[in-house]
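**Student:**
Protein chains: 2
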Amino acid sequence: MKIICTQENFKKAIYNTERVIGKQATLPILENILLETEKGMLKISATNLEIGVFLKIGAKIEKEGKITIPAKLVSSFVNNLPPGDNIQIEASDQVLKIRSGGYKANIKGLSAQEFPIIPELGDEFMFSFSGEELREALPKLLTCVSLDGTRPELGGVNFVFSEDKVSMASTDSFRLLEIKVGIKKESDERFAAFISKTNSIIIPANTLAEVFRVISLETKDIKVAIEENQIFFQIDNVRIVSRLVNGKYPEYKQIIPKNFSTKTIVGKEELLRAVKIASFFTSNKSGEVDLKLISKEGKIEIKAESEEKGENKTEIKAGIEGGDQEIIFNPRYIIDGINSISTPRLALLANSAASPAVIRMVQEKEEEIKIVDRLTYVVMPIKN
Amino acid sequence: MKIICTQENFKKAIYNTERVIGKQATLPILENILLETEKGMLKISATNLEIGVFLKIGAKIEKEGKITIPAKLVSSFVNNLPPGDNIQIEASDQVLKIRSGGYKANIKGLSAQEFPIIPELGDEFMFSFSGEELREALPKLLTCVSLDGTRPELGGVNFVFSEDKVSMASTDSFRLLEIKVGIKKESDERFAAFISKTNSIIIPANTLAEVFRVISLETKDIKVAIEENQIFFQIDNVRIVSRLVNGKYPEYKQIIPKNFSTKTIVGKEELLRAVKIASFFTSNKSGEVDLKLISKEGKIEIKAESEEKGENKTEIKAGIEGGDQEIIFNPRYIIDGINSISTPRLALLANSAASPAVIRMVQEKEEEIKIVDRLTYVVMPIKN
Chain Y
8 MKIICTQENF KKAIYNTERV IGKQATLPIL ENILLETEKG MLKISATNLE IGVFLKIGAK
68 IEKEGKITIP AKLVSSFVNN LPPGDNIQIE ASDQVLKIRS GGYKANIKGL SAQEFPIIPE
128 LGDEFMFSFS GEELREALPK LLTCVSLDGT RPELGGVNFV FSEDKVSMAS TDSFRLLEIK
188 VGIKKESDER FAAFISKTNS IIIPANTLAE VFRVISLETK DIKVAIEENQ IFFQIDNVRI
248 VSRLVNGKYP EYKQIIPKNF STKTIVGKEE LLRAVKIASF FTSNKSGEVD LKLISKEGKI
308 EIKAESEEKG ENKTEIKAGI EGGDQEIIFN PRYIIDGINS ISTPRLALLA NSAASPAVIR
368 MVQEKEEEIK IVDRLTYVVM PIKN
Chain D
8 MKIICTQENF KKAIYNTERV IGKQATLPIL ENILLETEKG MLKISATNLE IGVFLKIGAK
68 IEKEGKITIP AKLVSSFVNN LPPGDNIQIE ASDQVLKIRS GGYKANIKGL SAQEFPIIPE
128 LGDEFMFSFS GEELREALPK LLTCVSLDGT RPELGGVNFV FSEDKVSMAS TDSFRLLEIK
188 VGIKKESDER FAAFISKTNS IIIPANTLAE VFRVISLETK DIKVAIEENQ IFFQIDNVRI
248 VSRLVNGKYP EYKQIIPKNF STKTIVGKEE LLRAVKIASF FTSNKSGEVD LKLISKEGKI
308 EIKAESEEKG ENKTEIKAGI EGGDQEIIFN PRYIIDGINS ISTPRLALLA NSAASPAVIR
368 MVQEKEEEIK IVDRLTYVVM PIKN
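Going line by line, the protein sequences match chains Y and D. Numbering-wise, the first sequence is residues 8 to 391 according to this note's numbering. Numbering-wise, the second sequence is residues 8 to 391 according to this note's numbering.
1. Measure from the C-beta of G317/Y to each C-beta in chain D and report whether the shortest distance is under 8 Å.
2. Counting C-beta neighbours from all protein chains within 10 Å, is the total for G59/D 16 or more, i.e. buried, or is it exposed?
3. Taking 6 Å as the limit between beta carbons, can you name the residues of its chain near K204/D, skipping five residues before and five after?
4. Going by C-alpha to C-alpha distance, which of E276/Y, V248/Y and A200/Y sits closest to I341/Y?
5. In or out: G189/D buried (at least 16 other Cβ within 10 Å) or exposed?
6. Name the chain Y residues whose beta carbon is nearer than 7 Å to that of P89/D?
7. Compare the beta carbon distance of I74/Y and A53/Y with 8 Å and say whether it is the shorter of the two.
8. Do we get a CB-CB distance below 8 Å when we pair A20/D with the residues of chain Y?
9. So what does DSSP say about V252/Y, is it helix, strand or coil?
10. Could you tell me how far apart the beta carbons of T24/D and F61/D are, in whole angstroms, since I believe they sit closer than 8 Å?
11. Classify R182/D as buried or exposed, calling it buried when 16 or more other Cβ atoms lie within 10 Å of its own Cβ.
12. Mind checking whether R167/D and S137/D have CB atoms under 8 Å apart?
13. Determine the burial state of E43/Y: buried for a count of at least 16 other Cβ atoms within 10 Å of its Cβ, exposed for fewer.
14. Spatial neighbours of M387/Y within its chain, please: CB distance less than 6 Å, with the 5 preceding and 5 following residues excluded, ordered by chain position.
15. Just to confirm the assignment, what range does the beta strand (DSSP E) spanning D171/D have?
16. Between the beta-carbon of I186/D and the beta-carbon of L382/D, is there less than 8 Å?
17. At least one CB of chain Y closer than 8 Å to the CB of A364/D: is that the case?
18. If we cut at 8 Å on Cβ distances, does G274/Y have a partner in chain D?
19. Which word fits P211/D, buried or exposed, when buried means at least 16 other C-beta atoms lie within 10 angstroms of its C-beta?
20. Give me the chain Y residues within the contact set of L80/D, using Cβ-Cβ distance strictly less than 9 Å, ordered along the chain.
21. Output, in sequence order along the chain, the residues in the region 236-251 of chain D whose CB is closer than 8 Å to any CB in chain Y.
22. Kindly list, in the order they appear in chain D, the residues whose Cβ is closer than 7 Å to that of N113/Y.
23. Please list, in chain order, all residues of the same chain as E121/D whose beta carbon is under 6 Å from its beta carbon, the five residues on each side excluded.
24. Just the Cα atoms here: how many angstroms apart are E287/D and E234/Y?
25. Any residues in the region 321-337 of chain Y with a beta carbon nearer than 8 Å to a beta carbon of chain D? Which ones, in chain order?
26. Could you please give the first and the last residue of the uninterrupted alpha helix (DSSP H) stretch that includes F287/D?
27. Please report how far the alpha carbon of Q242/D lies from the alpha carbon of I262/D, in whole angstroms.
28. Could you give the distance in angstroms between the alpha-carbon of I229/D and the alpha-carbon of E193/D?
29. Using a Cβ-Cβ distance cut-off of 8 Å, determine whether F17/Y contacts chain D.
30. Quick check: what's the CA-CA separation for N319/Y versus T33/Y?
31. Does the beta carbon of F84/D come closer than 8 Å to any beta carbon on chain Y?
32. Show which residues of chain D have a CB atom less than 9 Å away from the CB atom of V102/Y.
33. Measuring only the C-alpha atoms, how far is G108/Y from G91/Y?
34. Go ahead and label Q332/D buried or exposed: buried means 16 or more other beta carbons lie within 10 angstroms of its beta carbon, across all protein chains shown.
35. Might you give, ordered along the chain, the residues of its own chain that have their beta carbon closer than 7 Å to the beta carbon of N16/D, omitting 5 neighbours on each side?
36. Figure out for me which residue from K50/D, V102/D, T157/D and L149/D has the closest Cα to the Cα of F219/D.
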């Protein structure tokens, strides 16, 4: 192999591939990235056996070939080069000669034959997401994923497809977040065939974390295909391939209440501050924060106390419709819920001290206030 | 105690005192800060028994008194308040009532009687440093301090005073850094009495790290006094008190060579890049990087290699006076040395592959290049 490419392209390619490589790769070859020439381009791949990622960059190919080299070493080398000079790469006998201006290195590699095969997309893409919508939704969904590993299906995000939308949901069984976004079909036929078989899949949290990292402000759309328990994402020039999670996601729709006896509209930042401050006064991490919704006075009282630390009380103004309520929450879950809101005010919807409460966004247009259900955060109170 | 103060003053005071409180305080009272009224001001103190810090802020005192409260809890409370409203504080029966706008808390405290006594300065200050000079010098000196604890004197920075200067030095016995800065006398008499007794002290690294954190861009000078093995720093409104390190600092002056057979002038960033890249190719953290100074060709060759990784070679241009040299260094120590330089070019001064090399700053004015000895970084080569 003998090629020349720009430093900028090469650096960006290394950056976008090396991160899937875990710190403790089980096989030495998994610490390597694969460089190979393909159809006049340089293809760079990395995998941790769960997730594969590759991309192609423009290069002047003087001689075809392939090699694998340690990701960390090549990344350290190129990231410390002064900007400017092109990168010249030459591989022979499992050694990669790399040169940029006065900077030269011979990096010991491993045979490309040993590199695991990353599945290729057999057919065309099925549908696409808006890059902006997914960039906003993914970090919120990943916050609610279960980390304990006892129920593998809760370690992923559930995607339920309909004709032009997808409901994405994650839960750790203490709280649940559902976000709906639109999709655009890339192939009517392939999409129809897919949802006729199954309309519900579970994507591993790690895969979505990687997808999120690759999405940039410039990403317009993210094309997706699903084939034989593998999902393929195309984000700009980066392809991510991952297995799906086996198993059945819980039927969560039934736990989201349809009607609420108390509807509270309150400033996001104000509620966040008050609950955060209260959380410091609880006796331990899974402490208790008391929210008292006082309809007539149009205020919320947020309280916490503990034997060791003392007590705290904050009053904030709110618009409350319906009866008074006093509900006890784990502050951590309420804080995550408030943080998932991207409108200045939010709706806190409740029925009783013992039934799930819901947090939703609020759209305000002139005098009109509208609770929207694009995002639904469900949290169980602590029963007293 | 009953007082009112601005939120801004109180927040800043908590910020500047709470950091000396370690994570694992040996006594519960050490997790607390002491609030007390003193001469119409609010005084806030914290200590970890090694370092004490206190400051005074303006406050409206309605009732005198004192109390200690957990630093972390009060800090979490005030740092999450919305800006604006004043802070009202009232203490009675070991409980601190604190209030700002709609935010209220009762924080459980401990009796102020239990709080350790932080030594008070008996007399006036002796001399002062420039805030800017100390802010530049301290992080560099702290980098070279010994961390292993076997020789307590090397765990501090040595300050050797003369009439109008101080030489500050730190070493971990692999490399040594000396920086000279000017001092201004605050009291001729007190200063003369001090240096007639001893002109060399050792200040603990932790104390200087705390001093560095408190120095701001606005800090003009830092006043200092030394009394009975205690050192007092006054940085704006913050007072830091610390014990000095007992023991005798090594006579390091004798290891700094006076003359050099090879003098190299080279770009700081270029040398840094080349040594950094080379360090990735060494076989382990304490690897070996080979610097070849080639006088006639006016270049430095920087090389490293290892069985597992491969090899690296970089050539950079340099002005070299004197004979050729090939010296092997631990890249970590060379990198720290280069980083201590704040001029665009540096001088690398050497005598042989087996004797200490020196890194100094270079002052350039029109055509004239001058090696300055305000900062001296000494590094021992690795003998081959």
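Cβ coordinates follow ideal geometry from the N, Cα and C atoms, glycine included. Being a predicted model, the structure only gives us computed values, none of them experimental.
**Tutor:** Taking the coordinates as given:
1. In the first sequence, residue 317/Y corresponds to position 310, counting from 1. Yes - at least one Cβ of chain D is within 8 Å of the one on G317/Y.
2. Sequence index remark: in the second sequence, residue 59/D carries index 52 (1-based). Result: buried.
3. Reading the second sequence from its first residue, position 197 is the one you call residue 204/D. In its chain, beyond the 5 residues on either side, no residue has a beta carbon closer than 6 Å to the beta carbon of K204/D.
4. Indexing the first sequence from 1 puts residue 341/Y at position 334. Among E276/Y, V248/Y and A200/Y, the Cα nearest to that of I341/Y belongs to E276/Y.
5. Counting from one through the second sequence, the residue named residue 189/D turns up at place 182. G189/D counts as exposed, since fewer than 16 other C-beta atoms from the protein chains shown sit within 10 angstroms of its C-beta.
6. Walking along the second sequence from the start, residue 89/D turns up at place 82. Within 7 Å Cβ-Cβ: R280.
7. Numbered from its first residue, the first sequence carries residue 74/Y at position 67. Numbered from its first residue, the first sequence carries residue 53/Y at position 46. In this structure, the beta-carbon distance from I74/Y to A53/Y does not fall below 8 Å.
8. Within the second sequence, the letter at position 13 stands for residue 20/D. No, its Cβ sits nowhere closer than 8 Å to a Cβ of chain Y.
9. Position 245 of the first sequence, counted from the first residue, corresponds to residue 252/Y. V252/Y: coil per DSSP, three-state reduction.
10. Here residue 24/D is taken as the residue at index 17 of the second sequence, counted from 1. Here residue 61/D is taken as the residue at index 54 of the second sequence, counted from 1. At roughly 7 Å, the Cβ-Cβ gap stays under 8 Å, so T24/D and F61/D are in contact.
11. Taking the first residue of the second sequence as 1, we reach residue 182/D at position 175. Counting Cβ neighbours within 10 Å, R182/D comes out buried, since at least 16 surround it.
12. Numbered from 1 along the second sequence, position 160 holds the residue referred to as residue 167/D. Numbered from 1 along the second sequence, position 130 holds the residue referred to as residue 137/D. For the record, residue 167/D in the displayed sequence is Val; it is not Arg. The Cβ-Cβ distance between V167/D and S137/D does not fall below 8 Å.
13. The count along the first sequence starts at 1 and reaches residue 43/Y at position 36. The residue in question, E43/Y, is buried, as its Cβ has 16 or more Cβ neighbours within 10 Å.
14. As a working mapping, residue 387/Y is identified with position 380 in the first sequence. Excluding positions up to five away in sequence, the list reads P363.
15. Position 164 of the second sequence, counting from 1, holds the residue named residue 171/D. Note, D171/D: premise wrong, no beta strand (DSSP E); not H, not E.
16. Here residue 186/D corresponds to residue number 179 of the second sequence, with the count starting at 1. Here residue 382/D corresponds to residue number 375 of the second sequence, with the count starting at 1. Yes; because the gap between Cβ atoms is below 8 Å, this pair is in contact.
17. As a position in the second sequence, residue 364/D is number 357, starting the count at 1. Output row for A364/D: interface = no.
18. For the purposes of this step, residue 274/Y is taken as the residue at position 267 of the first sequence. Taking 8 Å as the CB threshold, G274/Y stays off the interface with chain D.
19. Residue 211/D sits at position 204 when you count from the first residue of the second sequence. Answer is buried; the Cβ neighbour count reaches 16.
20. For the purposes of this step, residue 80/D is identified with residue 73 of the second sequence, where counting begins at 1. Within chain Y, the residues whose beta carbon sits less than 9 Å from that of L80/D are F287, F288, K316 and G317, listed in sequence order.
21. Listed by position along the chain: nothing, the set is empty.
22. Along the first sequence, read from residue 1 onward, the residue named residue 113/Y stands at position 106. Neighbours of N113/Y in chain D, taken as residues at a C-beta separation under 7 Å, are given in chain order as G317 and E318.
23. For the purposes of this step, residue 121/D is identified with residue 114 of the second sequence, where counting begins at 1. Closer than 6 Å at Cβ, skipping near neighbours: I36.
24. One-based indexing of the second sequence puts residue 287/D at position 280. One-based indexing of the first sequence puts residue 234/Y at position 227. The question names Glu, yet the displayed sequence has Phe at residue 287/D. Cα-Cα distance, rounded: 41 Å.
25. Within the region 321-337 of chain Y, those residues whose Cβ lies closer than 8 Å to any Cβ of chain D are, in chain order, T321, E322 and I323.
26. Position 280 of the second sequence, counting from 1, holds the residue named residue 287/D. The continuous alpha helix (DSSP H) containing F287/D extends over residues K275 to F287.
27. Along the second sequence, read from residue 1 onward, the residue named residue 242/D stands at position 235. Along the second sequence, read from residue 1 onward, the residue named residue 262/D stands at position 255. Note on identity: in this sequence residue 242/D is Ile, with Gln being the wrong assignment. Their Cα atoms are separated by approximately 34 Å.
28. Indexing the second sequence from 1 puts residue 229/D at position 222. Indexing the second sequence from 1 puts residue 193/D at position 186. Their backbone Cα atoms lie some 11 Å apart in a straight line.
29. For this step, residue 17/Y is matched to residue 10 along the first sequence. Chain D, which has no Cβ nearer than 8 Å to the Cβ of F17/Y, makes this no.
30. Position 312 of the first sequence, counted from the start, is the residue given in the question as residue 319/Y. Position 26 of the first sequence, counted from the start, is the residue given in the question as residue 33/Y. Near 50 Å, if we compare the C-alpha coordinates of T33/Y and N319/Y.
31. Working through the second sequence from its first residue, we reach residue 84/D at position 77. Answer yes: the Cβ-Cβ gap between F84/D and chain Y drops below 8 Å somewhere.
32. If you number the first sequence from 1, residue 102/Y lands on position 95. Those are G317, listed as they occur along chain D.
33. Residue mapping note: residue 108/Y aligns to position 101 of the first sequence, counting from 1. Residue mapping note: residue 91/Y aligns to position 84 of the first sequence, counting from 1. If you take the alpha carbons of G108/Y and G91/Y, they lie about 9 Å apart.
34. The residue given as residue 332/D occupies position 325 in the second sequence. In this structure Q332/D is buried. Its beta-carbon is surrounded by 16 or more other beta-carbon atoms within 10 angstroms.
35. Numbered from its first residue, the second sequence carries residue 16/D at position 9. I64 and G65.
36. Working through the second sequence from its first residue, we reach residue 219/D at position 212. When each option's Cα is compared against that of F219/D, the closest is L149/D.
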